[in-house]
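Residue numbers (my numbering), protein chains in the order written: chain A, 1 to 346; chain B, 1001 to 1346.
If you want it as structure tokens, here you go:
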């Protein structure tokens, strides 16, 4: 069955994609075969006037490959958490996104990456902060969840654990991309990362260079939710800075009773609002829908002067992808295999 | 005015301390002068048969000195966040608690410390994970909040930032205590930290050696809440492991609209439940009291096989200190200067 998707433009520049053919109330008997994966490649998109047709085609192809990796897991009867990991690995291996290979540099010119993953069935989770040289931080987060006694690790100890687990370790120059390096040099010349944190009332605009994160959420055919997030973090950040992406309840959260969600934006605000756990609580305690809950928290972050975008899915398979700013690299695919990939409002 | 405190023993072994003389409804005109600070020195207390009168007197004296440091700030009209920092510094400088000088060793025999602090008025926050050699991690968390563009830092970068800020850096042997070293050696001989994470159904009992964390919460005379937490983390942890203490919404949370809270227990469970932000949401969205909300979340953690204890205060000055296990090093003092210090149920 080919589904028809309606796009509803709501207040504050958020774009919501909702399946109009019964996502909220799947047909009886069909429920055990329903699944969906949704991804984002960052909320800070290139301005339209910098986006050539060739570049746009490359972004779309990379997003499509990520969705295909997740779809393959889910269509084969796999778990949502495996689909999330597979989809994120593809984006980490692409130079186009701020995660893995394409990570932004910190102000020392070093790539330090954050990632986390969470299983909505068990509330099990794994996270890694400021790790260097690991090719796929999302897989390291998964190993910390599955094969360590801990939930979160950072920096040197995390790298040692990755080595002991046999994960692929790259030389530092693997993470070099000319675009990200030139962007850091411009920022250092401008001194735009050397001040104190912007005041609580200052508005932060998503910036195609400063921010960016990749993430995925999935519902598998058994009704289990999972979410994951991976990033090189804020360009020009201090050495050692951990953002919201590896914080369970900030950048990532999954709970079968509510939603799976991955956020992208200005991590400092997202940590302070505990954004994704708040979305879950608004669904659990206030009875909000996944769309209402995500937009409510985006509003809370905006009130503090921040800006976030998210992808989220609930146990009925309703997907919402509200964003701030000009667009978000994003897409989703359901069991019908119809790929939806978008960048700007369209 | 001398206040009378009633202790109410509630279900599941939790002990609640509540001011019986109108904490929930302070007399009109008196409100601008009311303040309180409450502290904990960890939920894993020494078994009674290991606690000599001399040792107990030392613990009580250290807790009292911590409370005095906080009281001095509040009585002088200072901010709750300054009181929290001052109280925690005293416990960090004591060899009796698992934080700062008395920190537990990780399995490499290295002390790596976690801390965080949050201002309930602004929702501003600072946090540090797995930092070495910094004498007072709570002050480093405060500096990250006040003097960096970030909320959280870890490991090498955090140490570099601490040095740049002029904080006191100690040689590694400053953190050596014979008791903690012998405890690690016993654990390594027993191999009790080398397995996989306990299964979701396994019960974890607080252990005077494995766990322990210090924390403080305060309400100042202007009605502002603040919370902070500091720890050496779980004994025998992997190098690089970050627990719940530096996670905003897990180990620490403060919001003038709800509560200030610091938790101590098994960090892995606390992270997955996003424990302290959940307490705040239960107050905000479910209308629970600070006591009901903290106990509800302690129950959620217990259902997952974990165990936490907390100190919390709301904007009316109601203090609650529910704990699991045999006791919790704890105490509080209000504007009347009557110090209450407790260890076991008493």
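Glycine residues also receive a C-beta, built at the ideal position from the N, C-alpha and C atoms.
Distance, residue j Cα to residue i Cα
i, j, result
"residue 35 (chain A)", "residue 316 (chain A)", "9 Å"
"residue 1324 (chain B)", "residue 241 (chain A)", "34 Å"
"residue 1052 (chain B)", "residue 84 (chain A)", "54 Å"
"residue 1196 (chain B)", "residue 1160 (chain B)", "Caution is warranted here: a pLDDT of 41 is assigned to residue 1196 (chain B), below 50, making its placement in the model unreliable, and the coordinate value is therefore given only provisionally. Approximately 33 Å between the Cα atoms of the pair."
"residue 187 (chain A)", "residue 153 (chain A)", "29 Å"
"residue 1061 (chain B)", "residue 1268 (chain B)", "31 Å"
"residue 349 (chain A)", "residue 1134 (chain B)", "One cannot answer for residue 349 (chain A) here, as it falls past the ends of chain A, which runs 1 to 346."
"residue 1071 (chain B)", "residue 257 (chain A)", "43 Å"
"residue 182 (chain A)", "residue 1274 (chain B)", "38 Å"
"residue 1105 (chain B)", "residue 1343 (chain B)", "24 Å"
"residue 54 (chain A)", "residue 1164 (chain B)", "45 Å"
"residue 96 (chain A)", "residue 136 (chain A)", "15 Å"
"residue 1176 (chain B)", "residue 1098 (chain B)", "12 Å"
"residue 138 (chain A)", "residue 1277 (chain B)", "25 Å"
"residue 1074 (chain B)", "residue 220 (chain A)", "53 Å"
"residue 1321 (chain B)", "residue 1327 (chain B)", "10 Å"
"residue 1043 (chain B)", "residue 337 (chain A)", "52 Å"
"residue 1094 (chain B)", "residue 1058 (chain B)", "10 Å"
"residue 234 (chain A)", "residue 1302 (chain B)", "37 Å"
"residue 1169 (chain B)", "residue 56 (chain A)", "50 Å"
"residue 286 (chain A)", "residue 1314 (chain B)", "22 Å"
"residue 243 (chain A)", "residue 185 (chain A)", "21 Å"
"residue 345 (chain A)", "residue 246 (chain A)", "28 Å"
"residue 306 (chain A)", "residue 1333 (chain B)", "37 Å"
"residue 190 (chain A)", "residue 1339 (chain B)", "53 Å"
"residue 47 (chain A)", "residue 146 (chain A)", "40 Å"
"residue 961 (chain B)", "residue 236 (chain A)", "The requested residue 961 (chain B) does not occur in the structure, where chain B is confined to residues 1001 to 1346."
"residue 230 (chain A)", "residue 1045 (chain B)", "39 Å"
"residue 215 (chain A)", "residue 1215 (chain B)", "34 Å"
Close Cβ partners of residue i (< 6 Å) along its chain, the five nearest in sequence each way excluded
i, result
"residue 69 (chain A)", "86, 87 and 90"
"residue 310 (chain A)", "261, 263 and 294"
"residue 1341 (chain B)", "1060, 1063, 1064 and 1331"
"residue 1103 (chain B)", "1111, 1113, 1175 and 1232"
"residue 1297 (chain B)", "1275, 1278 and 1279"
Cut-off 8 Å between Cβ atoms - residues of its own chain near residue i, not counting five sequence neighbours on either side
i, result
"residue 1272 (chain B)", "1304"
"residue 1155 (chain B)", "1112, 1129, 1130, 1131, 1132 and 1240"
"residue 1144 (chain B)", "1126, 1127, 1128, 1150, 1151, 1152, 1153, 1158 and 1161"
"residue 1335 (chain B)", "1033, 1034, 1035, 1036, 1074, 1075 and 1221"
"residue 167 (chain A)", "134, 135, 136, 139, 140 and 143"
Residues bridged to residue i [DSSP beta-bridge criterion]
i, result
"residue 1269 (chain B)", "In DSSP, residue 1269 (chain B) forms no bridge with anything."
"residue 1063 (chain B)", "In DSSP, residue 1063 (chain B) forms no bridge with anything."
"residue 1228 (chain B)", "B:1117 and B:1216"
"residue 321 (chain A)", "Paired residue(s): none; residue 321 (chain A) is not in a bridge."
"residue 1259 (chain B)", "B:1314"
"residue 1125 (chain B)", "B:1118"
"residue 37 (chain A)", "A:218 and A:333"
"residue 327 (chain A)", "A:344"
"residue 1302 (chain B)", "Residue 1302 (chain B) is not bridged to any residue."
Candidates the options: closest to residue i by CA position
i, options, result
"residue 308 (chain A)", "A:343, A:270, A:336 and A:342", "A:270"
"residue 1384 (chain B)", "B:1295, B:1065, B:1074 and B:1346", "The structure shown does not extend to residue 1384 (chain B), since chain B is modelled only from 1001 through 1346, so no value can be given for it."
"residue 37 (chain A)", "A:327, A:344 and A:312", "A:312"
"residue 40 (chain A)", "A:67, A:33 and A:49", "A:67"
"residue 266 (chain A)", "A:238, A:219, A:294 and A:213", "A:213"
"residue 1149 (chain B)", "A:102, A:215 and A:238", "A:238"
"residue 1329 (chain B)", "B:1306, B:1277, B:1264 and B:1302", "B:1264"
"residue 157 (chain A)", "B:1108, B:1120 and B:1116", "B:1108"
"residue 417 (chain A)", "A:151, A:94, A:298 and A:178", "A query on residue 417 (chain A) cannot be resolved here, the shown segment of chain A reaching from 1 to 346 and no further."
"residue 172 (chain A)", "A:101, A:147, A:185 and A:189", "A:101"
"residue 1050 (chain B)", "B:1140, B:1247, B:1179 and B:1185", "B:1179"
"residue 1076 (chain B)", "B:1033, B:1047 and B:1117", "B:1033"
"residue 1116 (chain B)", "B:1248, B:1236 and B:1190", "B:1248"
"residue 121 (chain A)", "A:333, A:245, A:259 and A:334", "A:259"
Own chain residues within Cβ distance below 7 Å of residue i, not counting five before or after
i, result
"residue 1142 (chain B)", "1085, 1117 and 1126"
Legend entry - Stretch pair the stretch 1222-1229 of chain B + the stretch 1070-1080 of chain B: three plus CB contacts closer than 8 Å: Contact between the stretch 1222-1229 of chain B and the stretch 1070-1080 of chain B is present, because at least three Cβ pairs lie under 8 Å.
Inset, instruction - Would you check if the stretch 266-285 of chain A and the stretch 1273-1286 of chain B touch, i.e. whether three or more CB-CB distances between them fall below 8 Å? - result: The way I'd put it, the stretch 1273-1286 of chain B does touch the stretch 266-285 of chain A; three or more beta-carbon pairs between them come closer than 8 Å.
Inset, instruction - Pair every Cβ in the stretch 115-125 of chain A with every Cβ in the stretch 241-256 of chain A, then say whether three or more of these pairs are closer than 8 Å. - result: Taking 8 Å as the limit for Cβ pairs, the verdict is that the stretch 241-256 of chain A does touch the stretch 115-125 of chain A.
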